[in-house]
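Colleague: Let me begin by handing over the structure; questions about it come next.
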Amino acid sequence: MGAKFPIGVAVLYRQFQQNDPISAAEVHTLEQFLENTLAPLQQAMQQYGAKQFVGASGTFDVLEDNLPHTANGEHYCAIDTNDF
Numbered sequence: 190m191g192a193k194f195p196i197g198v199a200v201l202y203r204q205f206q207q208n209d210p211i212s213a214a215e216v217h218t219l220e221q222f223l224e225n226t227l228a229p230l231q232q233a234m235q236q237y238g239a240k241q242f243v244g245a246s247g248t249f250d251v252l253e254d255n256l257p258h259t260a261n262g263e264h265y266c267a268i269d270t271n272d273f
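The opening residue of the sequence shown carries number 190 in our numbering; numbering runs sequentially from there.
Laid out in structure tokens, this is it:
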């Protein structure tokens, strides 16, 4: 399955943060957006039993920074799909 999910930090910042710090309402709207946007990915993970993802750029950098991971190297990071 190849898909693009526009959830990089720059995209989310432009779309959702109007206040500094971000307001509770903005956080709620952002969480709803992420749930809706990532629903097809969650469904595919369940349907196909995905064990690994391959990706690049900001979205995967954000995931690496915010999810526990089991292995990392100079140019890669392994994130358990259960943590996703």
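Virtual Cβ for every residue (Gly too), placed ideally from N, Cα, C.
On a predicted model such as this, the values are computed, not experimentally measured, just so you know.
Assuming I196 contacts T226 (C-beta within less than 8 Å), just tell me the rounded distance between them.
Modeller: 6 Å
Colleague: Could you say if the segment 202-221 and the segment 239-253 meet the contact criterion of at least three C-beta pairs nearer than 8 Å?
Modeller: no
Colleague: For N225, which three-state DSSP category applies?
Modeller: helix
Colleague: In angstroms, rounded to a whole number, what distance separates the CA positions of F205 and A233?
Modeller: Going by the C-alpha atoms only, they are around 26 Å apart.
Colleague: Mind checking whether L230 and A192 have CB atoms under 8 Å apart?
Modeller: yes
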